[in-house]
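A short write-up of the structure that comes next.
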Amino acid sequence: MANTLSDQLEDVRCHAEACLYSTGSVLEVRAGISAMANIPLPPSVKYRYIAAETMIIENGVNNNRKETIGSLQRLSTALNILEKYGCNLTSSSRPKYWRAVKHNNPVFRATVDAIQGGRAVLCLYGYSNQQPDGLSFPDEVMEPDIEKVAAVTLEVMSLRMELDMLIKEAHPHPEFFERIIPSLNQQDDFGPISDAVAIPSSLRESQPLYMSLASLAQSPTSAFLPVRTANASTSTSISTRHTDNCTICAIFPVAAHCNSCVQWLCTECDRLYHSSVERANHHRTVVTSSKMRKNHSSSLLSWHCTHCTRVNSNQDILCETCERPRLASSGSAKDEFPQPFTITEWQCKSCTVVNAGISILCKVCERPRLATKPPATPTRPPPTPNRPAAPVLGMPGDPDSQWMCQFCTYINYTPASVCEMCDLPRPEPAKMRVKLHPPSQVKRVPVLSVKPKDPPMEDPDLRRQKLMREEGLKLIQLIRDGEKKGVSPEEVYTGMRVSGDVNILPCDWLKAELPHLLDQICATASSSRAADLKAGQNQNGTGTAEDTGVEEEQTRGRGVTLSRAEAKLAWLSAGGDTERAAKQALRDRHSKVKELCSLGFTDEVRCQEVLRQSEGEVRGALSLLQRPLMEPFHQRMWSDQPEPPIDINHPDKQRVCRRLLAVYDLPSWGRCELALSLLQERTAPYTLDDVVQAVRESHDRDFIRRVLAKECPICLSDFPHSKMQSLTSCQCSVCCGCFQQHFTIAVRDKHIRDMVCPVCWEPDINDPEHLNSYFSTLDIQLRECLEPEVYDLFHKKLTEQALIKDPKFLWCSHCSYGFIYDGDQLKVTCFQCRNSFCAQCKKPWESQHGGLSCERYQSWKRENDPEYQRQGLAGYLRDNGITCPNCRFQYALSKGGCMHFSCSQCRYQFCSGCNNPFHTTCAVIHCSVTGLHAHHPRDCLFYLRDWEPGRLQALLQNKGVEFNTDTPPGTQAGLCGVIEQKDESGQQTDSACGAQTQPGHAGLCEKHYREYLVSLINGHSIDPAPLFNANELVLACRRYQVDDARGELEDDVTYYTRILEKLIDEVPLGDKVPRKK
12 MANTLSDQLE
22 DVRCHAEACL
32 YSTGSVLEVR
42 AGISAMANIP
52 LPPSVKYRYI
62 AAETMIIENG
72 VNNNRKETIG
82 SLQRLSTALN
92 ILEKYGCNLT
102 SSSRPKYWRA
112 VKHNNPVFRA
122 TVDAIQGGRA
132 VLCLYGYSNQ
142 QPDGLSFPDE
152 VMEPDIEKVA
162 AVTLEVMSLR
172 MELDMLIKEA
182 HPHPEFFERI
192 IPSLNQQDDF
202 GPISDAVAIP
212 SSLRESQPLY
222 MSLASLAQSP
232 TSAFLPVRTA
242 NASTSTSIST
252 RHTDNCTICA
262 IFPVAAHCNS
272 CVQWLCTECD
282 RLYHSSVERA
292 NHHRTVVTSS
302 KMRKNHSSSL
312 LSWHCTHCTR
322 VNSNQDILCE
332 TCERPRLASS
342 GSAKDEFPQP
352 FTITEWQCKS
362 CTVVNAGISI
372 LCKVCERPRL
382 ATKPPATPTR
392 PPPTPNRPAA
402 PVLGMPGDPD
412 SQWMCQFCTY
422 INYTPASVCE
432 MCDLPRPEPA
442 KMRVKLHPPS
452 QVKRVPVLSV
462 KPKDPPMEDP
472 DLRRQKLMRE
482 EGLKLIQLIR
492 DGEKKGVSPE
502 EVYTGMRVSG
512 DVNILPCDWL
522 KAELPHLLDQ
532 ICATASSSRA
542 ADLKAGQNQN
552 GTGTAEDTGV
562 EEEQTRGRGV
572 TLSRAEAKLA
582 WLSAGGDTER
592 AAKQALRDRH
602 SKVKELCSLG
612 FTDEVRCQEV
622 LRQSEGEVRG
632 ALSLLQRPLM
642 EPFHQRMWSD
652 QPEPPIDINH
662 PDKQRVCRRL
672 LAVYDLPSWG
682 RCELALSLLQ
692 ERTAPYTLDD
702 VVQAVRESHD
712 RDFIRRVLAK
722 ECPICLSDFP
732 HSKMQSLTSC
742 QCSVCCGCFQ
752 QHFTIAVRDK
762 HIRDMVCPVC
772 WEPDINDPEH
782 LNSYFSTLDI
792 QLRECLEPEV
802 YDLFHKKLTE
812 QALIKDPKFL
822 WCSHCSYGFI
832 YDGDQLKVTC
842 FQCRNSFCAQ
852 CKKPWESQHG
862 GLSCERYQSW
872 KRENDPEYQR
882 QGLAGYLRDN
892 GITCPNCRFQ
902 YALSKGGCMH
912 FSCSQCRYQF
922 CSGCNNPFHT
932 TCAVIHCSVT
942 GLHAHHPRDC
952 LFYLRDWEPG
962 RLQALLQNKG
972 VEFNTDTPPG
982 TQAGLCGVIE
992 QKDESGQQTD
1002 SACGAQTQPG
1012 HAGLCEKHYR
1022 EYLVSLINGH
1032 SIDPAPLFNA
1042 NELVLACRRY
1052 QVDDARGELE
1062 DDVTYYTRIL
1072 EKLIDEVPLG
1082 DKVPRKK
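Here it is, written out as structure tokens:
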């Protein structure tokens, strides 16, 4: 038997859990819970999750049965709230704040927190994280365990149903609970709490303890006989006789009798059992139980909750257990036995959102469900009668038979008591007024006399609530009208009370009568104060002011004049009573005068006057009293005289600190004291502005002293940080005087590129990227410190520096003057010296150049000019001298010697052999060279000047290029005449080379002859790599990062041939090397 009951319990549990967290209906879940509660097993065996037996013992054990029943009712209410928490978690549309349960919730404190074991059930749901204000799910849990929550919720529902049956004495097996709570066996004077009927013992033994929901709704053909008996006679007697309880569930009272299947059914079982199509035609009659017939007069004092089956008092509007509203009144038989219905969804009356039928709160506004009468769903829809075309008395279409729904404003007709549109009941059906028609000539058939029904008595509570609602709506409308006219709600309410006439609007009364009433209050207050003073004088017997109390009263009352604003506030606080308002206004005025006197203003007459002027505002009165005191300060602030200097040696130190705080806006009083102490030091020659600026930046005394005493690296004098200047390119700081002197000399006597830091000589302005940004910031600094004419000269040089980069910019070959030339002729005349030169070859202009190109003119000059022929290759090297790649200024100098050349015009540093720049910041990847250097191509004079002349001649001969070896006639024998730039005593001068010439070198020294041969090699773009030896070839590959790895079986010839081809293919010749022929 135990195994059978355990199997039954497991089947019912599984089916009910699946219905709870799936799409099962409410009735299926309720039927499963009912079947689970009726299984005859003790609570310790029946409930696997919740400690049911412990909860019953801890919350239900008392001295007598009455107290025990009350404790069990509180436990049942708490379980109902816990059931709602579980249903919210298993619902598909959970509430917005489902993750937490707050302790400050009054429902939680009064129900769940008031019993033992309530929080343990919440922990089973998943609320295991303790918070300061409640319980919550752990942060790592994203969704609740629906299956576990459904199992725990099912046990909570079942235990609550068992407790309700136990309280109503309808439990089929109370012995399990009587063994746990002995006080349940005691009999009190009062009977059962509700009118529920206990199940007979014979029915308990033969009745099955659970039923399958599927069999109840899905077996259409077989007659459902749930009674399992030992013999047939018992079964027959139970099925044929009329019992007080349903023959299927044996819990709820009988509501209907089916003659086809011979069943006595309650409302829910009748709906579920006859929902099948084949049993829909069964004829059923409404049955009133004997208990209800006998207690019909007492049933008007209570009503039955259709949701949780609890019997509540008739005065209760909400159910005590589930807190749902009362669905129907207990007047007629129609209301006592409603037809079967199904609620699948409901619409919130606050936000009109349609919610699921199992939801208790609205999912949007979270307001409780306002239950209405559920719509009837009969098996067959009743036929709708056709309405007549013309209005007939008492029929649809007659204006007297119409009524408007107050919720959806749909027009209904008097035969219907429920709105056809929103299914809401008609709140107060109006009595049908019979129209009086003129007597007709046709003889009427006499109507049988019908005893008129007495009109239902109106509930006094409902009438009182209706009256309060009407008055509240009227007051709200009056307040809204007053707000539109600028009248406060307090004035509207008080005016409505004082006026006493409902026909006069409060706003109109306030506008017409309130000013006179306020003047009356002011006059009453003044007269009452005078009467008090006179009474005090009469009591003393003399008119003298010897008594101190009377004198104070006279002083306080003399000249008391209230403003209308004060009278109005007093009138509102007194509720419209003028006498009380006058006394209240005097008390308020007296307290305000005392407050002003406590602030140092002892003249009470003056305080009374300023309070009247400020309409009783203490802040406004204080402003009026302080205005004369601030007059000297205002006059000094608005005067045209300069502010007197701050005397740091003034004996009043606080006065000096206040001046510092007001004039220099220091952050705090402590900073003012720090600045004053620094200024008073004898050994520190600080100025006030320097100290204030330093103190504003820091509060550290040592740091401030370092800031105020910085040494200039040029003049070695100490200056404050504010008197030092620095460039953005470095961290060096110099005094303002040295800064101005350095850049004045640089602008007047030096080049634009010499305008760098006088300490570290940064930045390197050879880099064109940093040049523009550096000069843009330097221009701002020089604008403030340089004299106007010096600053104009700086801008002029800066403009020339920018013009040099223009491709149309030309340098004069006679006077070194630069300008922009837009013409297309070769002959150009300088605007400075008026001499002419060629715009292409930059040679002085001669008449023979006219009509000839520069190449043809040079050929003619070599053949016909004796002076040019006498100079020989020296003249050739001069004509093919150095040209600055930055500003294109030409120098008639040779390239021999040091290859590092610095242009005197633009200070650009470059290699005279390949025109690549010299720099300290290298942009070449994997360059490890530090300091000033340049990267030269392999055909640069920098590398080829180390070759012997014969090797260079062999390179030219291989390419078929002719070169000179004979000394030209007329040249000075033995000495080289090539012009060079030499450093003599720190000065750079141009003079002849003067070195010894060698035979076969065309009258040049070996150095300049090599330069001559390299110029021919560069002019014909000859690659010197084919003449590299093995070491030079490997070194060149490594210099230009060419892979020189050698194969394992590769011989020397193949290896060097391969890396030579690779070097020539991957590394081109120099792109900036001069290619003049």
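In the numbering used here, the protein residues as written are 12 to 1088.
Backbone N, C-alpha and C define an ideal beta-carbon position, used for all residues, glycine too.
Ala1047 versus His825: straight-line alpha-carbon distance, rounded | As a first step, residue 1047 is located in the sequence shown; it is residue number 1036 there, counting from the start. As a first step, residue 825 is located in the sequence shown; it is residue number 814 there, counting from the start. Our two residues, Ala1047 and His825, have alpha carbons roughly 42 angstroms apart in a direct line.
Does the Cβ of Met47 have 16 or more other Cβ atoms within 10 Å, making it buried, or fewer, making it exposed?
-> By 1-based counting over the sequence shown, the position of residue 47 is 36. So Met47 counts as buried.
Could you tell me how far apart the beta carbons of Tyr96 and Tyr136 are, in whole angstroms, since I believe they sit closer than 8 angstroms?
-> Within the sequence shown, numbered from 1, the residue matching residue 96 stands at position 85. Within the sequence shown, numbered from 1, the residue matching residue 136 stands at position 125. So it is a contact: roughly 6 angstroms between Cβ atoms.
Among Gly511, Glu1017 and Glu590, which one has its Cα closest to the Cα of Ile532?
-> Residue numbering aside, residue 532 sits at position 521 when the sequence shown is read from its first letter. The shortest Cα separation from Ile532 among Gly511, Glu1017 and Glu590 belongs to Glu590.
Can Leu677 and Cys683 be called in contact, C-beta distance under 8 angstroms?
-> As a working note, residue 677 is residue 666 in the sequence shown. As a working note, residue 683 is residue 672 in the sequence shown. Yes. Within cutoff.
Using a threshold of 8 angstroms, state whether the C-beta atoms of Leu583 and Thr505 are closer than that.
-> Numbered from its first residue, the sequence shown carries residue 583 at position 572. Numbered from its first residue, the sequence shown carries residue 505 at position 494. Cβ atoms of Leu583 and Thr505: closer than 8 angstroms.
Determine, using beta carbons only, whether Leu809 and Thr755 come nearer to each other than 8 angstroms.
-> The residue labelled residue 809 in the question sits at position 798 within the sequence shown. The residue labelled residue 755 in the question sits at position 744 within the sequence shown. Going by C-beta atoms, Leu809 is not nearer than 8 angstroms to Thr755.
Assigned secondary structure, His944 (DSSP; H/G/I helix, E/B strand, else coil) = For the purposes of this step, residue 944 is identified with residue 933 of the sequence shown, where counting begins at 1. Strand.
Going by CA-CA distance only, name the one from Glu279, Arg282, Arg295 and Leu283 that's closest to Cys272.
-> On the sequence shown, residue 272 is found 261 positions in, with the first residue counted as 1. Ranking Glu279, Arg282, Arg295 and Leu283 by Cα distance to Cys272 puts Arg295 first.
State yes or no: is the C-beta of Ala89 within less than 8 angstroms of the C-beta of Gly129?
-> Position 78 of the sequence shown, counted from the start, is the residue given in the question as residue 89. Position 118 of the sequence shown, counted from the start, is the residue given in the question as residue 129. Going by C-beta atoms, Ala89 is nearer than 8 angstroms to Gly129.
Under the rule that 16 or more other beta-carbon atoms within 10 Å means buried, what is His285, buried or exposed?
-> Here residue 285 is taken as the residue at index 274 of the sequence shown, counted from 1. By the neighbour-count criterion, in which a residue is buried when 16 or more other Cβ atoms sit within 10 angstroms of its Cβ, His285 is buried.
List the whole-angstrom C-beta distance separating Asn1040 from Val1084, where the pair is believed to meet the contact cut-off of C-beta under 8 angstroms.
-> Indexing the sequence shown from 1 puts residue 1040 at position 1029. Indexing the sequence shown from 1 puts residue 1084 at position 1073. Between Val1084 and Asn1040 the Cβ distance is about 23 angstroms, and since that is not below 8 angstroms, they are no contact.
So does Ala534 have its beta carbon nearer than 7 angstroms to some heavy atom of the ligand SAM?
-> Among the ligands in the structure shown, none appear at all, so the ligand SAM cannot be discussed.
At what residue ranges does the segment 759-832 contain a whole run of the beta strand (DSSP E), taking only runs of 3 or more?
-> 820-822 and 829-831
Where does Tyr136 sit, in a helix, a strand or coil, going by DSSP?
-> Counted from its first residue, the sequence shown places residue 136 at position 125. It is helical.
Can you list, in chain order, the residues of its chain whose CB lies under 7 angstroms from that of Ser709, leaving out five sequence neighbours each side?
-> Taking the first residue of the sequence shown as position 1, residue 709 is located at position 698. If we look at Ser709 and ignore the five residues flanking it on each side, its Cβ neighbours are Ile715.
Return the first residue and the last residue of the alpha helix (DSSP H) that Tyr1020 is part of.
-> Translated into the one-based positions of the sequence shown, residue 1020 becomes position 1009. Looking at the DSSP string, the run of the alpha helix (DSSP H) that includes Tyr1020 is Glu1017 to Gly1030.
Quick one: using the 10 Å Cβ neighbour count with 16 as the cut-off for buried, is Thr122 buried or exposed?
-> Stepping through the sequence shown from its first residue, residue 122 is reached at position 111. Counting Cβ neighbours within 10 Å, Thr122 comes out buried, since at least 16 surround it.
How big is the Cα-Cα spacing for Met66 and Val112?
-> Numbered from 1 along the sequence shown, position 55 holds the residue referred to as residue 66. Numbered from 1 along the sequence shown, position 101 holds the residue referred to as residue 112. Cα to Cα, the separation comes out at about 21 angstroms.
Contacting residues, own chain, Cβ-Cβ under 7 angstroms from Ile204 (five flanking each side not counted) = Your numbering for residue 204 matches position 193 in the sequence shown. At Ile204 the pLDDT is 37, less than 50, meaning the model places this residue with poor confidence; the figure from the coordinates comes in the next sentence. If we look at Ile204 and ignore the five residues flanking it on each side, its Cβ neighbours are Ile80, Ile178 and Lys179.
Under three-state DSSP, which class holds Leu863?
-> Within the sequence shown, residue 863 is the residue found at index 852, counting from 1. Residue state, collapsed to three classes: coil.
CB Arg120 to CB Phe148, shorter than 8 angstroms?
-> Here residue 120 corresponds to residue number 109 of the sequence shown, with the count starting at 1. Here residue 148 corresponds to residue number 137 of the sequence shown, with the count starting at 1. Going by C-beta atoms, Arg120 is not nearer than 8 angstroms to Phe148.
N- and C-terminal bounds of the beta strand (DSSP E) containing Lys734 = Within the sequence shown, residue 734 is the residue found at index 723, counting from 1. Taken as a continuous stretch (DSSP letters only), Lys734 belongs to no beta strand (DSSP E), as it is neither H nor E.
Of the residues Asn846, Pro53 and Gln19, which one's Cα is nearest the Cα of Glu186?
-> Counting from 1 along the sequence shown, the entry for residue 186 is found at position 175. Comparing Cα positions, the closest option is Pro53.
How is Ser217 classed by DSSP in three states: helix, strand or coil?
-> Residue numbering aside, residue 217 sits at position 206 when the sequence shown is read from its first letter. Below a pLDDT of 50, predicted positions are generally treated as unreliable, and Ser217, at 34, falls in that range; the measurement from the model is reported next regardless. Note: Ser217 maps to helix in three-state DSSP.
Shortest alpha-carbon distance to Gln142 belongs to which of His114, Ala125 and His182?
-> Within the sequence shown, the letter at position 131 stands for residue 142. For Gln142, the nearest C-alpha among the options comes from His114.
Where Pro183 and Leu165 are concerned, what is the direct C-alpha to C-alpha distance, given to the nearest angstrom?
-> As a first step, residue 183 must be located in the sequence shown, where it is residue number 172. As a first step, residue 165 must be located in the sequence shown, where it is residue number 154. A straight-line Cα-Cα distance of about 20 angstroms links Pro183 and Leu165.
Buried versus exposed call for Phe953 [16 or more other C-beta atoms within 10 Å across all chains shown] = As a first step, residue 953 must be located in the sequence shown, where it is residue number 942. Under this definition Phe953 is a buried residue.
Should Val758 be labelled buried (16 or more other beta-carbon atoms within 10 Å of its own) or exposed?
-> Walking along the sequence shown from the start, residue 758 turns up at place 747. By the 10 Å Cβ count, Val758 comes out buried.
Do Leu597 and Ile657 have their C-beta atoms within less than 8 angstroms of each other?
-> Indexing the sequence shown from 1 puts residue 597 at position 586. Indexing the sequence shown from 1 puts residue 657 at position 646. No, the Cβ-Cβ distance between Leu597 and Ile657 is not below 8 angstroms.
Take Arg1021 as the anchor and find which of Thr976, Phe820, Arg956 and Tyr919 has the nearest alpha-carbon.
-> As a working note, residue 1021 is residue 1010 in the sequence shown. Selected option, being the one with the closest Cα: Arg956.
Beta carbon of Gln413 nearer than 8 angstroms to that of Tyr421 = Position 402 of the sequence shown holds residue 413. Position 410 of the sequence shown holds residue 421. Contact flag unset, no.
Under 6 angstroms Cβ to Cβ from Pro500, same chain only, skipping five residues before and after it: list those, please.
-> Position 489 of the sequence shown, counted from the first residue, corresponds to residue 500. Here the set comprises Ile490.
Can you find at least 3 beta carbon pairs, one from the segment 731-741 and one from the segment 759-773, that sit closer than 8 angstroms?
-> yes
Over the uninterrupted beta strand (DSSP E) stretch that includes His911, give me the two end residues.
-> Counted from its first residue, the sequence shown places residue 911 at position 900. Here the beta strand (DSSP E) through His911 covers His911 to Ser913.
Give the straight-line distance between the Cα atoms of His293 and Cys269, rounded to the nearest whole angstrom.
-> The residue you call residue 293 lines up with position 282 of the sequence shown. The residue you call residue 269 lines up with position 258 of the sequence shown. So the two alpha carbons sit approximately 7 angstroms from each other.
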